[in-house]
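Reading through the C-alpha cells given below for one structure.
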Amino acid sequence: MSWPTARIGDVCKVVSGATPKTTNPSYWDGDVPWVTPKDLSELNSKVLLDTPRKITKAGLNSCSARMLPAESVLFSSRAPIGLVAINAFPVCTNQGFKSMVPRGDRIFSGYLFWWLTVHRDHLQNLGRGATFKEVSKQIVEEIEIPLPPLAEQKRIAAILDAADALRAKRRESLAELDTLLQSTFLDLFGDPVTNPMGWSLQNGADVCSRITVGIVVKPASYYVKTGVPALRSLNVRPNNIEMNDLVFVSSADNAGRLAKTRVWSGDILLVRSGQPGTAAIVPEKLDGVNAIDILIATPDRSVINPAYLCHYFNSPGGKRMALGAQRGQIQKHLNVGALKVAPIPLPPLDLQHHFATIVESIERQKTRLRAHLAELDTLFASLQSRACNGQL
Numbered sequence: 028m029s030w031p032t033a034r035i036g037d038v039c040k041v042v043s044g045a046t047p048k049t050t051n052p053s054y055w056d057g058d059v060p061w062v063t064p065k066d067l068s069e070l071n072s073k074v075l076l077d078t079p080r081k082i083t084k085a086g087l088n089s090c091s092a093r094m095l096p097a098e099s100v101l102f103s104s105r106a107p108i109g110l111v112a113i114n115a116f117p118v119c120t121n122q123g124f125k126s127m128v129p130r131g132d133r134i135f136s137g138y139l140f141w142w143l144t145v146h147r148d149h150l151q152n153l154g155r156g157a158t159f160k161e162v163s164k165q166i167v168e169e170i171e172i173p174l175p176p177l178a179e180q181k182r183i184a185a186i187l188d189a190a191d192a193l194r195a196k197r198r199e200s201l202a203e204l205d206t207l208l209q210s211t212f213l214d215l216f217g218d219p220v221t222n223p224m225g226w227s228l229q230n231g232a233d234v235c236s237r238i239t240v241g242i243v244v245k246p247a248s249y250y251v252k253t254g255v256p257a258l259r260s261l262n263v264r265p266n267n268i269e270m271n272d273l274v275f276v277s278s279a280d281n282a283g284r285l286a287k288t289r290v291w292s293g294d295i296l297l298v299r300s301g302q303p304g305t306a307a308i309v310p311e312k313l314d315g316v317n318a319i320d321i322l323i324a325t326p327d328r329s330v331i332n333p334a335y336l337c338h339y340f341n342s343p344g345g346k347r348m349a350l351g352a353q354r355g356q357i358q359k360h361l362n363v364g365a366l367k368v369a370p371i372p373l374p375p376l377d378l379q380h381h382f383a384t385i386v387e388s389i390e391r392q393k394t395r396l397r398a399h400l401a402e403l404d405t406l407f408a409s410l411q412s413r414a415c416n417g418q419l
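Under my numbering, think of the first position of the sequence shown as 28, with each following residue one higher.
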C-alpha cells in the first residue's frame, strides 16, 4: 500500500535545546527535567520516565531551551545521531536534540517514534559537520515521512509495541537468571570480599595449570578474512562469549607460530583493561581457537571447578581484586603476574561441583531464552520493515 508523504516540519514543530551556564549554581538542581543524549542511550524502553539532571526555572529562562509537552518525540541530533524516546511528562533538552512536537491530529507520536527508529541509519547519514556530525533543524524539517491515516498509525505502533514488549520480557528473564546465579554463588560461598565462610586463600598460580596472555604484539598482522576465530576482549562478557565482530587467523598460524595462545574448552578468558577481570569459559565449540590481548587461565580441575572460578572472577569480590591488581602508567591493565598471585577463596571441591551443576541447568534455560529472543528479534525486524512499507 502506498501512503501519501509529508514533511516532518509540516506535521511537527521541531524544537532545539540548550544548556544553562554550568558555572551558575542557581541554574541547576531544580525541578525542571532536562534531557541529554546520554539519558536516551541508557534508556531500556521507548518512554522516558525521569531525568537524572534537572534545572531551575531561572536556568530554563537563561537559555534557549524550551519546554516540550508530554508525548513529544525526543530525537538526538548529535553525539550520537538517532536516539529516540517519547517523554511521559514535560521536559526540556540540551542542544543535542531536534525534538518533534506533533501538530494537531495528523501524526501519532508512537508511529513517528518507530519510523525514526527504523530509519536510524539513514538519519545518521544526514549529519553534517567537520568536527562532529549533526543533523540541523532544517534537515529534520525537510525529512519526508509516509503518513497513513491516524487510526492506521496507531495500529502500526500498537503492533510494534507489543512485539517489542515480548523482546523486553525475554531480556528481563535472562537478567533474572543472571541475578539468580549471583545470589546462589553468595549463598553457597559467601562474599569473597569478606570471606565469611573462612575458605583458604590460594594464589591463581596454585589453582591454574596455565596463566598466559593472548597475542599482544601486532595482532592485526596475523588477520585473514576467513580462518580460525581469534577472541578479543569485546567478545568476553560475564560468563558468556559473544561471537560478534570476530577476527580470524589462518589455520597454519593457529597451529604453528600462534600455538601458544590457543585456548581450549574449559579455559577461562579474562579482560585485561576497560572492564578488567570480566571472565567467560571457553565452550566446546571454540576448542582450539586463538586469543588476542586477553588473559588465559586453565583451571587445575583437581582443585578448582572452572564454573566456580569464572563466577568468582565476575563477582563483586573478583572485580575488586582485578581492579586492585591493575598495573601500568599510561593504560592500566590486568597482567599475568598479577593474576598468578591473586588470592582466590577455595571452597571444598564437592561444593564447587554442586554449584557447577546449578550453573549448567540455568545456562540451558538461558540458551533456550537466547534462541527465542533471536527469533523475536528477526520477527521484529520484519514487522518494522513491513510496517514502514504499508504491508502490515
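Beta carbons: idealized from backbone N, C-alpha and C, even for Gly. None of these values were measured; they are calculated from a predicted model.
Can you tell me which of the three DSSP states Q122 falls into?
coil
State the Cα-Cα distance for the pair T206 and R237, rounded to the nearest angstrom.
30 Å
Using DSSP with H/G/I as helix, E/B as strand and the rest coil, what is R93?
coil
Tell me which same chain residues have a C-beta within less than 8 Å of the C-beta of L143, skipping the five on either side of it?
V100, F102, G109, V111 and L150
Could you check whether Y54 and P60 sit closer than 8 Å to each other, using their CB atoms as the reference points?
no
Figure out for me which residue from A286, A232 and E199 has the closest Cα to the Cα of V255.
A286
7 Å Cβ shell around T78 - same chain, five flanking residues per side excluded
P60, W61, V62, D66 and V118
Excluding the five sequence neighbours on either side, which residues of its own chain have a C-beta within less than 6 Å of the C-beta of Q180, listed in chain order?
F135 and Y138
Residue range of the unbroken alpha helix (DSSP H) whose run includes G231
G231 to V234
Mind listing, in chain order, the continuous beta strand (DSSP E) runs of no fewer than 3 residues lying wholly within the segment 41 to 124?
55 to 62, 80 to 82, 100 to 104 and 108 to 114
So A288 and G241 are supposed to be a Cβ contact under 8 Å. How far apart are they, rounded?
With the sequence shown as reference, residue 288 is identified as Thr, and Ala is not the correct amino acid for it. About 5 Å; that satisfies the 8 Å criterion.
Whose C-alpha, out of T32, D233, S278 and N262, is nearest the C-alpha of K469?
Summary: the structure shown does not reach residue 469, with the chain confined to residues 28 through 419, and so no result is reported for it.
Taking 7 Å as the cut-off, is the C-beta of V330 nearer than that to any heavy atom in the ligand GTP?
The model on display carries no ligand, and the ligand GTP is accordingly not part of it.
Does DSSP put T325 in a helix, in a strand, or in coil?
strand
By how many angstroms is the C-alpha of R397 removed from the C-alpha of K196?
12 Å
Could you check the C-alpha separation between V290 and I371 for me, to the nearest Å?
22 Å
Report, in whole angstroms, the separation of the C-beta atoms of N114 and A97, which I expect to be a contact under 8 Å.
6 Å
Euclidean distance between Cα positions of V42 and K164:
8 Å
When you compare each of K81, N152, M94 and G231 to N362 by their alpha carbons, which one comes out closest?
G231
Neighbourhood of V74 by C-beta distance below 6 Å, restricted to the same chain and skipping five residues each side:
I113 and A115
Helix, strand or coil: which one does DSSP assign to A257?
strand
In three-state DSSP terms, what is L373?
strand
Expected contact under 8 Å - CB spacing of P52 and L174 to nearest Å:
Going by Cβ atoms, the distance from P52 to L174 rounds to 46 Å, so no, they are not a contact pair.
How big is the Cα-Cα spacing for R147 and T325?
43 Å
For A282, count neighbouring C-beta atoms within 10 Å of its own C-beta (all shown protein chains included) and say buried if the count is 16 or more, exposed if not.
exposed
Looking at the secondary structure, which residues open and close the beta strand (DSSP E) in which E169 lies?
Counting along the chain, E169 falls outside any beta strand (DSSP E), though it belongs to the alpha helix (DSSP H) covering K164 to E169.
Tell me where the alpha helix (DSSP H) around T206 begins and ends.
L177 to F216
If you pair each beta-carbon of the segment 327 to 345 with each one of the segment 210 to 223, do three or more pairs fall below 8 Å?
yes
Please state if the CB of P64 and the CB of P107 are separated by a distance shorter than 8 Å.
yes
Give a yes or no on whether the C-beta atoms belonging to M127 and I183 are separated by under 8 Å.
no
Starting from the C-beta of D404, find all residues in its chain whose C-beta is less than 8 Å away, skip the five residues before and the five after it, and write them out in chain order.
R194
Excluding five sequence neighbours on each side, which residues of the same chain lie with their C-beta closer than 7 Å to the C-beta of V243?
D320
Just how far apart, CA to CA, sit C385 and R133?
Here residue 385 is Ile; the residue named in the question, Cys, does not match the sequence. Spanning the two alpha carbons is a distance of roughly 55 Å.
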